[in-house]
Every structure is written in structure tokens, then in C-alpha cells.
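Asker: Numbering (the working numbering), first residue to last: 1095 to 1534.
The structure under discussion is supplied below as C-alpha cells; questions concerning it will follow.
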Ligand SMILES: Cc1ncc(COP(=O)(O)O)c(C=O)c1O
């Protein structure tokens, strides 16, 4: 790109990266290099007026009355416990400062290996899907490779492949005997891109399998990525922590792998995509976060990345729902948040336990293998001798049970949506459907 086309603020952000973390500048896609936060335009003038306009403030694109945002009673009556400003006003493109700070505190408390290592402040996104989209916008040019497990949330394909033209390279998530994370396959997939720029996608607890690596596996994943980075690969590692906190056994790593990745190498930018969606059980509120960490990260480099992210947000959604952020903030600050969350996770843990017992009954051994699961919302069956979509249709038509077929062999079951009492019936119906499709 001709430097002449760069906005001076984009140039300044790129210069900050070039000075402190040159690899990060190199990792940015062309769009990422071009983007900046329009800090000197309407927004800056509005912020200045907010400070100084003592007589009248005619800058903001909202309507006010009695010192608060104008609003209609037929709307405001649905919001109790929030002020009109917390509901109706615009939030900043970066997100509300208080919710960003509260989320940062929560991340650090949950990720001891971060220690006091500097990170960016989380930027608020329209939940995780949007956060993943922003990661793609920043770092993926058409044709850029992405290494990802073969078990992945299918929206990654729509977001990064269909929308941005990235090219996915899959490694088998589990070893053939389905005992755990397939480290050799992961290492081999990384090695194929040695010396180049590479985006790696990690998602634990995983959708669709419900697996979180053990602590030893997580350390080995960090070691593999660190070794590649030290061997000259420039890495963006996107850590999708959508289901963070929903862990159901003692062996799985309960700290996000982001913590160790942030301190791994100057050649490795870790990006944490997380949010309230599943952690706070608020799927429809649409509040997520993108946070950056790198070994040699500085305040200036992080600011450059935050500005580029907020600039992208400003460009196509302007800002994220204010009532959503206000509610998430109040929950984070509420002493009842942790106990209430723990109660719901305990309910899910109970369902996972019943699921584990039911899916592994010996009488179903001819019907499927079970992918390891220990966390999250889902588990997956690898069907034997029956097409997954044919089984899905049979299950639905003959038994009224809804599941998701993935590829030729896999059937995803969201035990998060089943009562414990429903679970045995779901697996016995699934076995009947497999046998019906197979003809025996
Ligand atoms: C792995 C994973 N990442 C991200 C998301 C998106 O979450 P959100 O609803 O916050 O956009 C999901 C939702 O199903 C998911 O399973």
C-alpha cells in the first residue's frame, strides 16, 4: 500500500507498533494497517465540549430533556434499575470505561499466570462473534492461512473464510483413540507454516466437542506455539474463551491459555475473545471483549491496537448496546454474581455427569465413540456406520429429539439444554436412530 493513502492517525498507530512491537505491524492485514480511531473528528470535538461547554452543548447526536436523554415512557417502562443515561445514551466505540475496567480485573483475577504482565484494556464488542470478526478484520488478508482444529464452531468459516477469504488448515483435534488433544498433529500443522505469518485459532471449552485440555496438554500447546514463534513464525493466536468457567472435572485447565501465551514471545500476539454471553447467561445482550497480549507489549502498542479495533467498531456498528453493557457491569459488581453463576455451572455439571454415564453405556458401544468432554455446553458422538445427518433426521422425525449433525460422522448434543431426566431418553433414541439408519 502506498503510505500516501494512510490517514495520519493510522500512520501514527503503525509507527507506535513499529517502534515498540514491530512484529505486530507485520501481522496486521492491509485493512488492519489502514485503520485508526477518528480521535480528532466529531468524537473528539464532542468529548472536548463535554468538558468545557458550560452554556450549551450542541455537539451530541442524541436528543436531551431535563439533562438526560429524551425517552418514551412506552420504552423506558421496560427498564427498571437503570438510569436513562445507562439505557438510552450512546456508549463509546471502545465500550464503557467502567465495564472495560471491571472485565480487565475479572480476567486478571481468573488468569494468575498473567501476573502483572501488561495487556491492552479489553475493547467491548457486540459479543464474541463480532470480536472474532474484528480479529479477522485486523489480521486476515485474503489467502492468509489459519490453523484450526477440525472440530470448530462453523461460524468461523463464514466469518473468516467466506467473509474475509482466509484459508483454513485443519488438524485433528483428538488423537485417533480419542484420549485427548492431538499434540503431534497440532505441532505438525504449525510446522507447515514455519517462518511465515500465521493465525492460529484455539477454543477451549471447545464447541462442538466440549473439551478443555488438561493442564499438561495446555502447557504443551503453549510450548509448541512458543517454539514455533522462536523458530521465526509470526503468530496471532486467537483464544476464544466463550465458555470460560464451565469446567466439570479436576484434570482440565481452568485458566485461559491466553495467560501464558501473552508472555510467550515477541513473535506471538495473543488475542483473547471472551464475553458475558455464556459466562453471565445473557446470550441476547450481546456484550463481548477483545483483549491483546504480547511479551514485549507496551502501553503505546496496545493503544494502537485498541484504536484500530475501536475504529473498526466505529466504522460499521459505531458502538455496542449501552443497556447490555450497563447490565453486565452491574452484574460484575454485584456480590451475588459469583454465587449465582456457580449455582448455574453446578446445574450444568450435574447434566454433564449424567450425560457422561448415559452416552458410555455398553449397549451403545456399536453405535458411537464418544469424543472426550469435560466442559462447556456440548458433547459429540462419532457415529459408527451411519451418516450423521440421516441419524439427525431420524432422531427428529421418529423421536422428536433435536441434535446437530456435523460432517459425515459427528452428532453434537447440547446437554446444556437438557434436564437430567431427559438425558437417558436422548441417548437411547440416538442409538435407535443409528440402528435404524444402519439397518440393524
Ligand atoms: C466457540 C464459540 N465462539 C463464539 C461464539 C459466539 O458467541 P456470541 O453469542 O457471544 O457471539 C459461540 C456461540 O455459540 C461459540 O460457540
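By construction, the Cβ of each residue, glycine as well, lies at the ideal position given by its N, Cα and C atoms.
Just list the alpha helix (DSSP H) runs in the region 1242–1301, keeping only unbroken ones of 4 residues or longer that don't cross its boundaries, in chain order.
Answerer: 1277–1285, all fully within the region 1242–1301.
Asker: Measure the C-alpha to C-alpha separation of residue 1161 and residue 1399 and round it to an integer number of angstroms.
Answerer: On the chain shown, residue 1161 is found 67 positions in, with the first residue counted as 1. On the chain shown, residue 1399 is found 305 positions in, with the first residue counted as 1. Taking the straight line joining both Cα atoms gives about 35 Å.
Asker: Measure how close the beta-carbons of residue 1274 and residue 1518 come, nearest whole angstrom, since I'm counting them as under 8 Å.
Answerer: For this step, residue 1274 is matched to residue 180 along the chain shown. For this step, residue 1518 is matched to residue 424 along the chain shown. About 27 Å separates the two Cβ atoms, so there is no contact after all.
Asker: Roughly how many angstroms separate the alpha carbons of residue 1217 and residue 1419, rounded to a whole number?
Answerer: Numbered from its first residue, the chain shown carries residue 1217 at position 123. Numbered from its first residue, the chain shown carries residue 1419 at position 325. The straight-line gap from Cα to Cα measures roughly 12 Å.
Asker: Measuring alpha carbon to alpha carbon, tell me which residue in 1512, 1432 and 1507 is nearest residue 1303.
Answerer: As a first step, residue 1303 is located in the chain shown; it is residue number 209 there, counting from the start. Measuring from the Cα of residue 1303, the nearest candidate turns out to be 1507.
Asker: Which of the three DSSP states, helix, strand or coil, is assigned to residue 1148?
Answerer: Locating residue 1148 in the chain shown gives position 54, counting from the first residue. Reduced to three states, the DSSP call for residue 1148 is coil.
Asker: Can you list, in chain order, the residues of its chain with a C-beta nearer than 8 Å to that of residue 1416? Leave out the 5 residues immediately preceding and following it.
Answerer: Within the chain shown, the letter at position 322 stands for residue 1416. If we look at residue 1416 and ignore the five residues flanking it on each side, its Cβ neighbours are 1180, 1181, 1182, 1183, 1184, 1185 and 1190.
Asker: Quick one: measure Cβ to Cβ for residue 1528 and residue 1453, integer angstroms, because I've assumed they're closer than 8 Å.
Answerer: Taking the chain shown and counting its residues from 1, the one referred to as residue 1528 is at position 434. Taking the chain shown and counting its residues from 1, the one referred to as residue 1453 is at position 359. So it is not a contact: roughly 12 Å between Cβ atoms.
Asker: Tell me the residue span of the alpha helix (DSSP H) that contains residue 1418.
Answerer: In the chain shown, residue 1418 corresponds to position 324, counting from 1. Counting along the chain, the alpha helix (DSSP H) containing residue 1418 begins and ends at 1416–1427.
Asker: Residue 1455 by DSSP, collapsed to three states: which one?
Answerer: Residue numbering aside, residue 1455 sits at position 361 when the chain shown is read from its first letter. Of the three classes helix, strand and coil, the one that applies to residue 1455 here is coil, per DSSP.
Asker: With C-beta atoms as the reference, is residue 1205 less than 8 Å away from residue 1350?
Answerer: Here the question's residue 1205 lines up with position 111 in the chain shown. Here the question's residue 1350 lines up with position 256 in the chain shown. Taking 8 Å as the Cβ cut-off, residue 1205 and residue 1350 qualify as a contacting pair.
Asker: Where does residue 1132 fall in DSSP's three states?
Answerer: Working through the chain shown from its first residue, we reach residue 1132 at position 38. Residue 1132: coil per DSSP, three-state reduction.
Asker: From the DSSP secondary-structure annotation, give me the bridge partner or partners of residue 1389.
Answerer: Numbered from its first residue, the chain shown carries residue 1389 at position 295. None; residue 1389 has no bridge partner.
Asker: Locate the alpha helix (DSSP H) running through residue 1223, then write down its first and last residues.
Answerer: The sequence position of residue 1223 within the chain shown is 129, counting from 1. Per DSSP, residue 1223 belongs to the alpha helix (DSSP H) from 1221–1233.
Asker: Going by the beta-carbon positions, is the gap between residue 1388 and residue 1360 smaller than 8 Å?
Answerer: Along the chain shown, read from residue 1 onward, the residue named residue 1388 stands at position 294. Along the chain shown, read from residue 1 onward, the residue named residue 1360 stands at position 266. Yes. Within cutoff.
Asker: Just checking my contact of residue 1198 with residue 1395 at CB under 8 Å: how many whole Å lie between their CB atoms?
Answerer: As a working mapping, residue 1198 is identified with position 104 in the chain shown. As a working mapping, residue 1395 is identified with position 301 in the chain shown. 17 Å between Cβ atoms; not a contact.
Asker: Classify residue 1341 as helix, strand or coil using the three-state DSSP reduction.
Answerer: Taking the chain shown and counting its residues from 1, one reaches residue 1341 at position 247. Three-state result, residue 1341: strand.
Asker: Figure out for me which residue from 1117, 1175, 1484 and 1187 has the closest Cα to the Cα of residue 1137.
Answerer: By one-based count along the chain shown, residue 1137 stands at place 43. The shortest Cα separation from residue 1137 among 1117, 1175, 1484 and 1187 belongs to 1187.
Asker: In the DSSP assignment, find the unbroken beta strand (DSSP E) run with residue 1331 in it and report its ends.
Answerer: Translated into positions along the chain shown, residue 1331 becomes position 237. Its beta strand (DSSP E) spans residues 1328–1334.
Asker: Under 7 Å: does the beta carbon of residue 1222 sit that close to some heavy atom of ligand 1?
Answerer: Position 128 of the chain shown, counting from 1, holds the residue named residue 1222. At least one heavy atom of ligand 1 is nearer than 7 Å to the Cβ of residue 1222, so yes.
Asker: Spatial neighbours of residue 1079 within its chain, please: C-beta separation below 8 Å, excluding the five flanking residues on both sides.
Answerer: Summary: the structure shown does not reach residue 1079, with the chain confined to residues 1095 through 1534, and so no result is reported for it.
Asker: What do you reckon, is the C-beta of residue 1153 under 7 Å from a heavy atom of ligand 1?
Answerer: Walking along the chain shown from the start, residue 1153 turns up at place 59. No - ligand 1 has no heavy atom lying nearer than 7 Å to the Cβ of residue 1153.
Asker: Do the region 1146–1155 and the region 1117–1124 meet, that is, are 3 or more Cβ pairs less than 8 Å apart?
Answerer: Segments in contact, no.
Asker: Work out the CA separation of residue 1405 and residue 1141 for me, nearest whole Å.
Answerer: Residue 1141 sits at position 47 when you count from the first residue of the chain shown. Residue 1405 sits at position 311 when you count from the first residue of the chain shown. Spanning the two alpha carbons is a distance of roughly 16 Å.
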